[in-house]
Every structure is written in structure tokens, then in C-alpha cells.
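Below is one structure; the comments refer to it alone.
If you want it as C-alpha cells, here you go:
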């Protein structure tokens with residue numbers, strides 16, 4: 001049976017066919033739908049983990065216990081999971097352990113475009129790179145076999161174009177019986193990485209790499225030569241293979257599915273059979289470097305870009321086979337852009353409007369609220385990585401105080417991100433005598449990636465009720481005495497709360513509770529109404545609200561979009577905007 | 590091989606439309622690739638999806654200037670997508686205007702005369718009042734399926750039965766008739782033009 005599946009759905013399908021016992025993940029574009037699909041199709045135990053490190057550790061425990069485990073994350077998540085990843089490479093597995101690293105060339109939704117093949121090489125584990133959904137499904141199954149046969153975690157490295165592109169997949173209709181759980185046997189020499197044990201394991205890991213090279217030389221389902229015109233030979237992997245085939249259908253191609261370790265004999269043989277050797281790969285010259293280290297000369301990143309995604313045009317240009325084609329002139333470059341914006345009624349808007357108005361230095365974090373950086377709010381100074389806001393605020397304060405700089409610093413972090421890696425930063429703030437203020441924007445979901453649950457929502461990945469993490473109690477337990485929970489929509493109260501907490505000579509946390517408007521769809525109030533002849537001062541436009549438009553120099557409210565949050569009514573200097581509030585119960589302070 | 594570039598605004602059904610198109614092509618026996626970028630684009634931003642089908646398809650992405658058809662669910666986004674189209678391609682636009690969210694006081698004005706600009710650039714432009722047509726059928730949300738119907742008139746290689754089967758499978762029973770009617774309305778609109 002042929003089904004149209006995205007790469008992520010195909011990985012989920014492959015996991016099911018491989019009889020996987022357990023899957024864990026932290027949401028992150030472009031990887032999120034892998035666990036969502038696995039949860040939806042049933043049959044596999046699923047968990048949203050608080051972060052990628054924990055996801056990996058639980059999966060490693062399942063594998064050691066004898067079950068097959070899949071753990072998926074976006075590329076930067078692998079940085080978080082790197083510690084257990086590198087050590088589990090030494091320990092090996094029992095049941096198969098597959099790590100899906102979803103890289104994001106082009107940074108469609110990421111802060112960098114790191115190439116995680118480097119991490120796999122550093123951890124000395126094999127890398128499989130599928131080039132479409134069929135291979136995503138096939139390689140997932142193969143990855144579990146390789147993991148068990150060679151006693152290694154395996155990285156399945158995909159990219160946004162693989163994750164979010166759909167192509168036909170031949171699937172097995174009947175669900176296979178779960179792979180039998182392998183018996184767990186205590187083996188301290190493998191699993192307790194004392195230096196004496198780890199030294200022996202390192203030798204075993206190096207031997208394993210040699211066996212993996214042999215596997216790559218012979219496994220035709222992974223690495224294959226497609227002979228064609230021998231004047232050009234192209235080594236390629238992942239979606240770049242499709243681009244190569246599109247623009248150079250007659251060329252000879254060495255298509256690598258197992259890209260680390262490199263099958264050196266196969267590469268030598270291929271190179272010897274062609275006149276000019278090219279390497280076409282997205283992002284870093286990873287294969288190119290490995291191939292050059294064999295003493296072979298190849299054309300690579302001098303003609304193909306190292307930044308951004310490849311596409312057929314870029315590949316054709318590098319190969320020198322580009323053709324000029326007639327084209328339609330682009331329209332006026334002055335077309336209004338349509339960037340993503342905070343939704344109408346989003347509680348984050350209240351927070352960022354206030355922070356911008358107060359002129360605070362804002363160390364930000366990763367989530368929908370990063371949109372507070374964009375005009376007109378322009379309210380964020382930094383966004384580095386998950387959880388960094390809390391630590392960076394403390395560091396900024398140390399430097400600014402030393403410089404006698406009067407500017408005040410506040411950390412802003414979302415609920416899911418706080419659980420991911422903000423908690424340890426807060427512990428540091430208290431432990432090391434910081435006096436900073438942390439604003440937790442709690443919208444009750446992991447919003448940006450599409451509304452996944454997390455420990456603060458009290459619901460699991462399979463939809464079951466569970467203990468709900470109490471942020472206020474947690475902050476108090478950490479040692480923060482000044483903790484308040486409030487409704488951010490009351491702008492004056494929010495501003496005075498910030499002023500009070502920033503003035504306090506001890507750490508403080510303000511938890512702003514405002515459920516995501518895409519989850520809590522009940523309106524906050526009646527749509528705002530313009531009760532005067534708007535003089536067009538533009539104050540309400542500074543909110544960047546999609547419900548407020550400017551027409552002929554006046555502000556106009558779109559009642560179909562407005563949620564009645566009341567922010568515009570609070571800031572209109574002419575008191576011309578009215579909101580009939582039917583707001584929810586006030587949150588106790 | 591046919592390359593279809595689809596565009597619109599987040600939350601208005603671009604991805605549902607490209608899904609219907611891709612499934613209908615698969616049902617008709619073609620090899621299919623569908624590509625899209627979501628993530629940041631879900632928050633009211635521009636959304637783009639690409640569908641390619643034929644006997645053998647390689648790249649999931651369409652080269653700029655080679656799309657056979659551009660389908661836009663919004664006027665401005667249709668204009669923005671013009672350079673994706675090959676000069677003798679077909680441009681199908683839903684005649685709906687969605688003003689981009691304000692980004693402060695300095696905002697480029699919404700372009701006027703989109704129809705004229707498009708007609709000057711491309712031979713075949715069909716502007717479909719899909720929103721009104723869908724509203725007339727009982728639900729604005731079916732505007733994307735009206736556009737699927739409009740496209741079907743330019744895609745004789747996909748038989749009507751494939752469209753009907755795909756639409757029936759894509760929606761819950763209570764919405765099937767609405768969407769089948771929307772599809773037919775879009776198809777008739779183009780045939781009448």
C-alpha cells in the first residue's frame with residue numbers, strides 16, 4: 001500500500017514497523033510531528049520530556065533494559081542531549097537506540113544551522129541520511145538493526161525538507177508484533193563508565209567504527225553507485241541527492257545513506273571511475289573533508305554554498321549545468337511583508353508592550369514570545385538558546401552594575417522553556433546572590449511548535465492527566481521569596497509590579513498567566529469599539545495587534561479578529577476605544 | 590511533470606488545499622512530492638506549499654520561474670508569488686484581501702490594482718471570488734476547495750473521480766457535501782470564464 005507521508009510521519013511509521021517500545025522527544029521544529037504521529041498511531045509508549053537530555057536518558061534506559069527506543073529532537077536539542085549521547089556511545093545498547101536529529105538548513109525556525117553530522121562523528125556513532133519519505137521509513141527500520149547488530153546508538157539525520165516534504169511510501173499494513181524485549185544483563189564494565197572501564201570501551205568504539213565502515217562498503221540499501229556519464233561523478237546525500245538527480249539526470253552518482261563513517265573503498269572506487277569528482281551536500285563540507293582526507297581531490301564548497309539550503313538552481317550552478325530561462329519580472333519590491341505576529345489577544349503582547357514602555361534591558365528566550373523582538377514592540381535584547389534568559393540576565397546585571405549603568409534588566413521566559421532549562425538558572429540566581437527579576441510568561445502550552453503539553457500543563461503526550469508542576473511553589477522552594485502570579489492584561493498593575501520587583505534587593509519572579517489564544521478560544525471580552533472620531537495618533541498601532549488596522553489615517557478594529565483583550569482601550573490617549581470586558585476570574589496575587 | 594506553487598496566509602487552508610491536490614495526484618497514479626515550511630509561519634505569516642507530480646519526481650521544491658500554476662488564497666500573496674510562475678503559466682487567485690498585521694506606523698500600503706498587474710505579467714489569470722462562493726454555499730472555510738475546483742479545470746490529467754474520492758476522504762461526513770459543492774463551483778467558474 002502506497003501512502004503519501006511526510007518525512008516525520010514516515011519515521012513514525014518506520015518506528016512502528018520496527019516494533020519500537022518507547023519514544024520520547026522535546027518539541028522543536030522541524031522534528032515535532034515525529035512524536036505527535038507516534039502518539040496518534042498508538043502502540044508505542046510516548047513521552048514529552050522536559051528537555052532533550054532527559055528524553056535521551058530515558059530512551060537510553062529503555063534500550064539498556066532491552067526495548068527499542070527512539071528519541072527525536074531538533075538539531076540544537078542534540079547539544080542539550082550531547083552529554084548522555086557521547087557517553088552512551090561508549091556503553092552501547094541492548095535494545096536498539098535511535099536518535100533523530102532534525103537539522104534546519106536555511107534556519108526556517110532556528111537560531112543557527114549547525115550540521116549535526118559533526119556531533120555524531122565526535123560521538124563516534126553512525127549517521128543515516130534519508131533523501132525522501134520512503135527512505136525515512138526504511139532507514140528508521142535499518143537504524144534499529146544496525147544499532148543492535150553493532151551495539152551503538154544510531155543518528156538518523158534529517159533536515160526540514162525531509163521532515164516536512166511528503167512523498168509516497170510503501171508501508172506494511174499489518175502492525176508487526178513488538179520486537180521482543182531483550183533480557184537485561186548487568187554489565188558494569190560497559191555501563192558504569194569509570195575511567196578504567198571507559199578506556200576499554202573507547203577501544204571497543206574504535207573497533208566498532210571499523211566494522212561500520214565495512215557495513216557501509218557492502219550495504220547497497222544504504223550506499224549505492226548509479227553509473228551514468230563518467231565525465232562527472234557526484235557524491236551526495238539527503239535531499240541534495242534529489243536536486244542532483246533533477247539537474248544532472250545523466251551523471252554518475254554515489255548516493256550515500258550511511259554518511260558516517262565514510263565507506264572509503266567505495267568512494268575510492270567511484271572516484272577512480274569518473275573524470276571529475278563533485279561533492280554535493282547541504283551545510284558543512286562534511287563528506288568533502290572525509291573524502292579529501294583519503295587523498296582524493298574533489299570539487300565542493302568552492303562552488304556550492306555552505307550557508308542556507310541547497311536547491312536545484314544552486315546545485316545546477318555549482319555543477320556548471322545551469323540554464324537561463326525566461327522569467328516574470330518580480331513585482332514592486334515595496335510590497336508589504338507579512339511576517340508572523342503575536343495573535344490577537346495574546347498575553348505576551350501585554351508583557352512586551354510594558355517592557356518596551358519601561359525601557360528595560362530584556363534578556364529573552366525561545367518561543368512565540370521571541371516575536372516580541374519584531375516591530376512595533378521591539379522589546380527584546382537577547383535570544384540565545386533555550387533557558388538562557390535567566391542566566392544572561394544575572395550576568396548582564398553584574399556587568400551593568402560594575403559599569404554604574406542604571407538600566408534595569410529583566411529575564412523573560414515561557415512556561416515550557418522554563419521547565420526545559422530555566423530552572424537551573426533560577427537556582428543560580430538565588431544561590432549566587434542575584435537580585436534579578438524573572439518574568440515567566442505562562443500560556444499553558446508549548447505554543448510555537450504547535451501546542452504540546454509539558455510538565456506545567458498536567459497532561460502527558462498520550463493525553464492522560466498527571467501531576468501539574470506548580471511554578472510558584474517551585475520558585476519558592478528554590479528560595480525566591482518574592483513570587484507573584486498575575487494577569488498581564490492589566491497594564492498598570494503589570495508595570496507597578498515590575499517596578500516593585502526590580503527595586504527589591506533580592507530575586508523575584510512574576511508569573512504572568514494568560515492561556516494561549518489558539519488553545520483557549522473563548523473571547524476575553526466583546527470586541528473593542530471605537531466610540532470617537534479617531535484622530536489617528538497611532539498609539540494603539542504600537543501594540544502590533546492583527547485586529548487593529550489603519551485606514552485613511554484612522555485605527556479600525558476588525559471585530560472578527562478582536563478577542564476583547566482590552567489592551568488598546570487601556571492605551572488610547574483619547575479614551576476612544578471601549579471594551580465591554582467579560583474577563584475571566586482574576587488571578588489571586 | 591507539473592509543478593504547482595500554493596500560497597496564502599497562515600490559518601486560511603493553504604496546507605489543506607495542497608494536501609488535497611497531492612492526494613488527488615497520488616490517487617491518479619502519479620509520483621508526488623509536496624513540500625511546505627511551517628513553524629514561524631503559523632502566526633499569521635505568509636504560508637507557502639509546493640506540489641509536484643508526474644511519472645517520476647525528484648526535487649520536492651520548485652525552481653523560481655518554473656511553476657506551471659500558482660494558486661493563491663489571497664491577492665497580495667498572489668502578487669508576491671508572480672516570479673515563481675513560468676511566463677506561460679496559469680495564475681489562480683482567490684479574490685480576498687487580508688491586510689498584513691501592522692508593523693508600526695511605517696507600513697507599505699496594500700497594493701491596489703492587483704488584477705491589472707497580474708494580467709500584464711501573465712497570459713492566463715483567473716481571479717476567483719472563492720470566499721463569496723464558499724459563503725454562498727454555507728461556509729467561508731470552503732474557499733480553498735473552491736480553488737481546488739478552479740485548478741482542476743486546468744488539470745485534465747487528474748480525473749474527476751480522483752478529486753471526489755480525495756475530498757470525500759479529507760473531510761468529515763457532515764462537511765462532505767459542502768466541499769464537493771465548493772469543488773464543483775470552482776470548476777464551473779473557470780469553465781464559464
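Residue numbers (the numbering used here), protein chains in the order written: chain D, 1 to 589; chain H, 590 to 782.
Glycine is no exception: its CB is placed at the ideal position from the N, C-alpha and C atoms.
Asked: Might you give, ordered along the chain, the residues of its own chain that have their beta carbon closer than 7 Å to the beta carbon of residue 378 of chain D, omitting 5 neighbours on each side?; Found: 356
Asked: Identify every residue that forms a DSSP beta bridge with residue 512 of chain D.; Found: D/441, D/486
Asked: For residue 260 of chain D, which residues of its own chain have a beta-carbon under 7 Å away from its beta-carbon, when the five flanking residues on both sides are left out?; Found: 117, 120, 121, 126, 127
Asked: Considering only their Cβ atoms, is the gap separating residue 576 of chain D from residue 531 of chain D smaller than 8 Å?; Found: yes
Asked: Roughly how many whole angstroms lie between the Cα atoms of residue 588 of chain D and residue 447 of chain D?; Found: Bear in mind that the predicted position of residue 588 of chain D carries a pLDDT of just 45, short of 50, making it unreliable; the figure below should be weighed with that in mind. Rounded to the nearest angstrom, the two C-alpha atoms are 24 Å apart.
Asked: Would you report the Cα separation of residue 422 of chain D and residue 83 of chain D, rounded to the nearest angstrom?; Found: 18 Å
Asked: How would you list, in chain order, the residues of chain H whose beta-carbon sits under 8 Å from the beta-carbon of residue 164 of chain D?; Found: 624, 625, 626, 627
Asked: Across the segment 30-40 of chain D and the segment 132-139 of chain D, are there enough close Cβ pairs to call them in contact, namely three or more that are closer than 8 Å?; Found: no
Asked: Which first and last residues belong to the alpha helix (DSSP H) in which residue 16 of chain D is found?; Found: 7-17
Asked: Could you give the C-beta distance for residue 502 of chain D and residue 437 of chain D, rounded to a whole number, given that I count them as a contact under 8 Å?; Found: 5 Å
Asked: Taking 8 Å as the CB-CB cut-off, is residue 242 of chain D touching chain H?; Found: yes
Asked: Mind checking residue 740 of chain H: buried by the 16 CB within 10 Å criterion, or exposed?; Found: buried
Asked: CB-CB under 8 Å to residue 376 of chain D, same chain, minus the five flanking residues each way: which ones, in chain order?; Found: 541, 542, 543, 544
Asked: Let me know the beta strand (DSSP E) ranges lying completely inside the segment 502-565 of chain D, each 3 residues or longer, listed in chain order.; Found: 508-513, 548-551, 554-557
Asked: Alpha carbons only, please: which of D/192, D/342, D/279, D/129 is nearest the one belonging to residue 161 of chain D?; Found: D/129
Asked: Residue 320 of chain D: which of D/431, D/346, D/231 sits nearest, CA to CA?; Found: D/231
Asked: Closest to residue 88 of chain D by CA distance: which of D/569, D/76, D/147 is it?; Found: D/147
Asked: Answer with yes or no whether the minimum CB distance from residue 688 of chain H to chain D is below 8 Å.; Found: yes
Asked: Under the rule that 16 or more other beta-carbon atoms within 10 Å means buried, what is residue 404 of chain D, buried or exposed?; Found: exposed
Asked: The beta strand (DSSP E) with residue 604 of chain H in it runs from where to where?; Found: Premise fails: residue 604 of chain H lies in the alpha helix (DSSP H), 603-616, not in any beta strand (DSSP E).
Asked: Distance, Cα to Cα, residue 3 of chain D vs residue 551 of chain D?; Found: 48 Å
Asked: Among H/617, H/718, H/660, H/619, which one has its Cα closest to the Cα of residue 637 of chain H?; Found: H/660
Asked: Does residue 467 of chain D get closer than 8 Å to chain H when you measure Cβ to Cβ?; Found: no
Asked: Identify, in the order they occur along the chain, each residue of the same chain with its Cβ nearer than 7 Å to the Cβ of residue 539 of chain D, setting aside the five sequence neighbours on each side.; Found: 571, 572, 573
Asked: Check whether the segment 441-455 of chain D and the segment 45-65 of chain D touch, using three or more Cβ-Cβ pairs below 8 Å as the test.; Found: yes
Asked: Residue 63 of chain D: buried (16+ other C-beta within 10 angstroms of its C-beta) or exposed?; Found: buried
Asked: Could you tell me the alpha carbon to alpha carbon distance between residue 763 of chain H and residue 219 of chain D, rounded to whole angstroms?; Found: 50 Å
Asked: Alpha carbon to alpha carbon, how far is residue 99 of chain D from residue 20 of chain D? Give it in angstroms, no decimals.; Found: 13 Å
Asked: So with Cβ pairs under 8 Å, would you call residue 611 of chain H a contact of chain D?; Found: yes
Asked: Pair every Cβ in the segment 238-256 of chain D with every Cβ in the segment 176-185 of chain D, then say whether three or more of these pairs are closer than 8 Å.; Found: no
Asked: When the cut-off is 8 Å and only beta carbons count, does residue 160 of chain D lie next to chain H?; Found: yes
Asked: For residue 211 of chain D, which option in D/395, D/152, D/221 has the closest C-alpha, if you only look at C-alpha atoms?; Found: D/152
Asked: Against chain H, with Cβ distances strictly below 8 Å, would residue 335 of chain D count as a contact?; Found: yes
Asked: Should residue 433 of chain D be labelled buried (16 or more other beta-carbon atoms within 10 Å of its own) or exposed?; Found: exposed
Asked: In the DSSP assignment, the beta strand (DSSP E) including residue 579 of chain D goes from what residue to what residue?; Found: No beta strand (DSSP E) contains residue 579 of chain D, which DSSP labels as neither H nor E.
Asked: Report the residues of the segment 92-114 of chain D with a CB closer than 8 Å to any CB of chain H, ordered along the chain.; Found: 108, 109
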